[in-house]
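Below is one structure, written out as structure tokens; comments come after it.
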Amino acid sequence: MDFVIGGLAGAGATIFTNPMDVVKTRFQLQGELRARNEHTPRYRGIFHALYVIARNDGVLALQKGLAPAMLLGFTMNSVRLGMYHIAEVQGMTKSKNGDISINKTIFWSSMSGVLSGVAANPASVLKTRIQAAAHPSIAVGRQYRYNGMADGFITIYKNEGIRGFFAGVNATCARLAVGSAAQLTTFSTAKEVLHSYGICQRSPLGLAFSASALSGVMVAIAICPFDVTAVRLVKAKILELGFCESSPATLAFAASLVCGVLCVLVETPLDVVNTRLYNQGPASKGEVLYKGVFDCLRKIYITEGFHGLYKGLGPLYLRIAPHTTLSLVIWDMLNNLFDKNKKS
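If you want it as structure tokens, here you go:
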């Protein structure tokens, strides 16, 4: 049941964030391995992209790849959140005196992140290709035509074999190991701290939202190259402003949105690499553009410049911020609901 609850949380959040994922994918593929002055952008901004996609492919195209995206959300989060919750319930994330052990929490959240990356990679590959498929007038990157999710999986297997499902898996697992460790560790710690101060004790939903927002702040700090001194200065500055005393939830939510920018700045280059590797396909389609993660990073930087590594930065941020909050809140609320029913 732990895996099902985690999967439902990820799939539920995906419904709301998939349009931004479609826009992000198009941005990351346009002008592939071409200098900025060598091509005319099909998409000139987030709102322009939403308008152009809806006009040429129809409004429903904004939910392209929703089925594999939900499968991705379910698979990734069922493994990641389910495995972590089992470790949490079994006391594997706590010290001998019953407090949360940061080292144990980081270990189990990292392991769950890596395994979820491997499990969900096939769905990631298919999702990216379906989202990239567009009307010829606005098409970017290599185009694939699948008659649904099942046909997509069968076609990829026939043309590329098992290896086709695991393109870019190294970058995916590395990103998820770090991101999952930071996210789940800080979420659990934030919940415990908020609860110890008597915040949101009567509102499980408020507690989940507050903890996920605080987690967003700490994820940004953990992923970005800040040292312990910087972390302490940030904490001191927040306390100095006095916002935590009057409205900790509002402060945490606003701060997580701002700090999320820093997190996305670090994550975007790897996300661009993932999208390119997912979409390049087999050698039979033509010359393989990228031989791996580092080759992809090098070629993008040489041909597209520093700007190329940050394509899709805006929609990626607008997707990550609500998706992280929604998935963690849904996960926590479903766990609370299941626990209540189990006790009754």
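Going by our numbering, the residue at position 288 of the sequence shown is 288; the numbering climbs one at a time, nothing skipped. Glycine included, each C-beta is placed from N, C-alpha and C at the ideal position. Note that the structure is predicted; figures quoted are calculated from it, not measured.
Going by the beta-carbon positions, is the gap between ASP295 and GLN131 smaller than 8 Å?
-> Within the sequence shown, numbered from 1, the residue matching residue 295 stands at position 295. Within the sequence shown, numbered from 1, the residue matching residue 131 stands at position 131. No, these two residues do not count as a Cβ contact at 8 Å.
Whose CA, out of GLU32, THR14, THR185 and ALA190, lies closest to the CA of GLY305?
-> For the purposes of this step, residue 305 is taken as residue 305 along the sequence shown, with counting starting at 1. Among GLU32, THR14, THR185 and ALA190, the Cα nearest to that of GLY305 belongs to GLU32.
Does any CB atom of chain B fall closer than 8 Å to the CB of GLY12?
-> This model lacks chain B altogether, as it is built from one protein chain only.
Whether THR93 touches ILE86 by CB criterion (8 Å) = Taking the first residue of the sequence shown as position 1, residue 93 is located at position 93. Taking the first residue of the sequence shown as position 1, residue 86 is located at position 86. Against a cut-off of 8 Å, the Cβ pair of ILE86 and THR93 comes out as no contact.
Kindly give me the distance between the Cβ atoms of ALA359 and ILE106, rounded to whole angstroms, as I take these residues to be in contact under 8 Å.
-> Nothing in the structure corresponds to residue 359, since the chain is present only between 1 and 344.
Between the stretch 56–76 and the stretch 116–128, do three or more beta carbon pairs fall short of 8 Å?
-> yes
Pick from ALA150, ILE154, GLN143 and SER112: whose alpha carbon is nearest that of THR185?
-> Within the sequence shown, numbered from 1, the residue matching residue 185 stands at position 185. Here the closest residue by C-alpha is SER112.
Which residues in the same chain have their Cβ closer than 7 Å to the Cβ of ALA177, if we skip the five residues on either side of it in sequence?
-> Translated into the one-based positions of the sequence shown, residue 177 becomes position 177. Leaving aside the five residues that flank ALA177 on each side, the residues in its chain whose CB is nearer than 7 Å to its CB run, in chain order, SER110, GLY113 and VAL114.
Could you pull out every residue in the same chain whose Cβ sits closer than 6 Å to the Cβ of VAL234, ignoring the five residues on either side in sequence?
-> On the sequence shown, position 234 is the one that residue 234 refers to. Only weak support is given to the placement of VAL234: the predicted model assigns it a pLDDT of 36, under 50, and the value that follows is read from those uncertain coordinates. Excluding sequence neighbours, VAL234 sits near nothing in its chain.
Cβ contact (3+ pairs, closer than 8 Å) linking the stretch 271–282 and the stretch 148–165 | yes
Alpha-carbon to alpha-carbon, ARG202 and ARG55 = Working through the sequence shown from its first residue, we reach residue 55 at position 55. Working through the sequence shown from its first residue, we reach residue 202 at position 202. Near 47 Å, if we compare the C-alpha coordinates of ARG202 and ARG55.
From ARG129, TYR197, ARG42 and VAL288, pick the residue whose C-alpha is nearest to that of ILE366; which is it?
-> This structure gives no information on residue 366, because the portion of the chain shown stretches from 1 to 344.
Report the option in TYR290, THR14, TYR197 and VAL273 whose CA atom is closest to the CA atom of GLY65.
-> Start at 1 with the first residue of the sequence shown, and residue 65 comes out as number 65. Comparing Cα positions, the closest option is THR14.
How should SER124 be labelled, buried or exposed, when 16 other C-beta atoms within 10 angstroms of its C-beta is the threshold for buried?
-> Against the sequence shown, residue 124 aligns to sequence position 124. Classification for SER124: buried.
Alpha helix (DSSP H) runs wholly inside the stretch 128–188, at least 4 long, in chain order = 149–160
Compute the beta-carbon to beta-carbon distance between LEU297 and THR268, rounded to the nearest angstrom, for a pair I have assumed lies under 8 Å.
-> Position 297 of the sequence shown, counting from 1, holds the residue named residue 297. Position 268 of the sequence shown, counting from 1, holds the residue named residue 268. Rounded, the Cβ-Cβ distance is 12 Å, inconsistent with contact.
Counted within 10 angstroms of its Cβ, other Cβ atoms place ARG44 as buried (16 or more) or exposed = Along the sequence shown, one-based indexing puts residue 44 at 44. ARG44 is exposed by the Cβ-count criterion.
Is PRO204 closer than 8 Å to ASN336 when the C-beta atoms are compared?
-> Position 336 of the sequence shown, counted from the first residue, corresponds to residue 336. Position 204 of the sequence shown, counted from the first residue, corresponds to residue 204. It is a contact, given that the beta carbons lie within the stated cut-off.
Indicate the three-state DSSP secondary structure (helix, strand or coil) for ILE106 in the structure shown.
-> Along the sequence shown, one-based indexing puts residue 106 at 106. ILE106 falls in the helix class under three-state DSSP.
With LYS299 as the anchor, note down where its alpha helix (DSSP H) starts and where it stops.
-> Here residue 299 refers to the residue found at position 299 of the sequence shown. 293–304 is the span of the alpha helix (DSSP H), which, as asked, contains LYS299.
By how many angstroms is the C-alpha of TYR317 removed from the C-alpha of ALA61?
-> The sequence position of residue 61 within the sequence shown is 61, counting from 1. The sequence position of residue 317 within the sequence shown is 317, counting from 1. Each residue's alpha carbon lies about 21 Å from the other.
For the putative contact between PRO122 and GLN63, defined by C-beta atoms under 8 Å, what is the C-beta separation to the nearest angstrom?
-> Residue mapping note: residue 122 aligns to position 122 of the sequence shown, counting from 1. Residue mapping note: residue 63 aligns to position 63 of the sequence shown, counting from 1. That pair is no contact at about 20 Å.
Please classify LYS94: does DSSP put it in a helix, a strand, or coil?
-> For this step, residue 94 is matched to residue 94 along the sequence shown. Strand at LYS94.
With DSSP as the reference, please indicate the residues paired to ILE100 in a beta bridge.
-> Taking the sequence shown and counting its residues from 1, one reaches residue 100 at position 100. Answer is LYS94.
By Cβ distance below 7 Å, which residues in the same chain neighbour THR303 in space, the five residues on each side in sequence not counted?
-> If you number the sequence shown from 1, residue 303 lands on position 303. Hits under 7 Å: LEU33, ARG34 and ALA35.
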